[in-house]
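S.K.: Counting from 1, one number per residue, gives the positions in the sequence shown under the UniProt record's numbering. Input: one structure, supplied below.
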Amino acid sequence: MPPKDSIAVRLQGKMDSLTRAERQLAHKILENYPVSGLGSITTVSENAGVSTPTAARMVQKLGYGGYAEFQAALRQEIEARVSSPLVKHESWAGNVPDEHILNRFADAAMENIRRSLAQLDVATFDAVCQLLASEKSAVFVVGGRITRALADYFFLHLQVVRPRVTLIQSISNAWPHYILEVDEGDVIVIFDVRRYENSTLKLAEMVAERGARIVLFTDQWRSPVHKFADYSFNLHIDVPSSWDSAVVIMLLLETVIAKLQELTWDKTRPRMEALEDMFDRTRFFRKFT
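Given below as structure tokens:
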């Protein structure tokens, strides 16, 4: 019997058990899923730069009797999408054509959200939230050249929710000083998307050696940091731009923050009240009443 869940979900779930060539093929199929898998086995294999036996072995690992059965399941998914009213919508920006960048970008972002949430393991999400909510361990947050903005945003909110949170500077000659403070059982939240940074990989290796637990926010191709991570969120970031999108990562971060506030409200509320009092005393924000 072929699997009942989507092929994309199946591919993500089997990724660690695939060979290097099979993973290369899987990533190629996921790049423009689901239409990327509709060609002949020869065409799909050539597009991914792998052999046809590699494709045959991979679909068998997914639970299909052969490539024909795999493609039949793929066509059923496409038919379900086309016929479902849930996937039909008016243009996001109604006063411009569908092919306008506003609508193309919005379509890509919404598809990234849909695909990421479909593949997200809820048990992993809940476990990460529980881990970050516990004050038994310190939390360190680090990003890279682009993702440092996400790290800073997450750090700022974590500071309000709980104590013992540190933002690690992204420059590689600064973070060894932070590693000195990492103890066994501490939590390191790492943001790393393509182009994956060598210094971030080295940081992950070194904190793992110290017994820290790593939570990784990465893209659908997975940062090399994943081999050291205890928990990984593989999120879709492709959009019609030279730059990747942070929409899905930001969505998940804000959901984590909301869950943490819910889990720790008894302690978070007095922290927020104390912070607001400090803002009032320092006249940090302008008031209109």
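Every residue, glycine too, gets a C-beta built ideally from N, C-alpha and C. Bear in mind that the values here come from a model prediction, so they are computed numbers and not experimental data.
L260 and L158 - do their beta-carbons sit closer together than 9 Å?
M.R.: Yes, Cβ-Cβ distance for L158 and L260 is below 9 Å.
S.K.: Considering R213, what are the terminal residues of the beta strand (DSSP E) in which it resides?
M.R.: Residues 213-219.
S.K.: With the cut-off set at 9 Å, would you say L150 and I7 are in Cβ contact?
M.R.: In this structure, I7 does not lie closer than 9 Å to L150 by Cβ.
S.K.: Pick from A55, G39, I190, K267: whose alpha carbon is nearest that of K227?
M.R.: Closest option to K227, Cα to Cα, is I190.
S.K.: For L275, does the count of other Cβ atoms within 10 angstroms reach 16, so buried, or fall short, so exposed?
M.R.: L275 should be labelled exposed.
S.K.: If I measure Cβ to Cβ from W243 and keep anything under 6 Å in the same chain, skipping five residues before and after, which residues do I get?
M.R.: So the list is empty, once near-sequence residues are dropped.
S.K.: What number of angstroms, rounded off, separates the C-alpha of R210 from the C-alpha of V165?
M.R.: The alpha-carbon atoms of R210 and V165 are separated by roughly 18 Å.
S.K.: Sort R20, K14, K28, N32 by Cα distance to P240 and report the nearest one.
M.R.: Comparing Cα positions, the closest option is N32.
S.K.: In the DSSP assignment, the alpha helix (DSSP H) including Y153 goes from what residue to what residue?
M.R.: Here the alpha helix (DSSP H) through Y153 covers 148-161.
S.K.: Given 8 Å as the limit, is there contact between the region 31-46 and the region 66-75, that is, 3 or more CB pairs closer than that?
M.R.: Verdict: yes, contact present.
S.K.: Among Y196, Y153, F140, R194, which has the Cα closest to the Cα of P176?
M.R.: Taking only the C-alpha atoms, the option nearest P176 is F140.
S.K.: Residues in its own chain within less than 8 Å of N47 by CB, not counting five upstream and five downstream?
M.R.: Counting only Cβ-Cβ distances below 8 Å, and skipping sequence neighbours, we find K28, S36, G39.
S.K.: Check this for me: beta carbons of I237 and S245, under 9 Å apart or not?
M.R.: Their beta carbons are under 9 Å apart, which means I237 touches S245 by this criterion.
S.K.: Going by C-alpha distance, which of C129, F285, N173, L11 is nearest K61?
M.R.: The shortest C-alpha separation from K61 is found at L11.
S.K.: Our contact map puts V187 next to L131 with C-beta atoms below 8 Å; I'd like the distance itself, whole angstroms only.
M.R.: Rounded, the Cβ-Cβ distance is 6 Å, consistent with contact.
S.K.: Count the other C-beta atoms from every protein chain shown that fall within 10 angstroms of the C-beta of N173, then say buried if there are 16 or more, exposed otherwise.
M.R.: N173 should be labelled exposed.
S.K.: In whole angstroms, give me the CA-to-CA distance for V9 and E273.
M.R.: Taking the straight line joining both Cα atoms gives about 43 Å.
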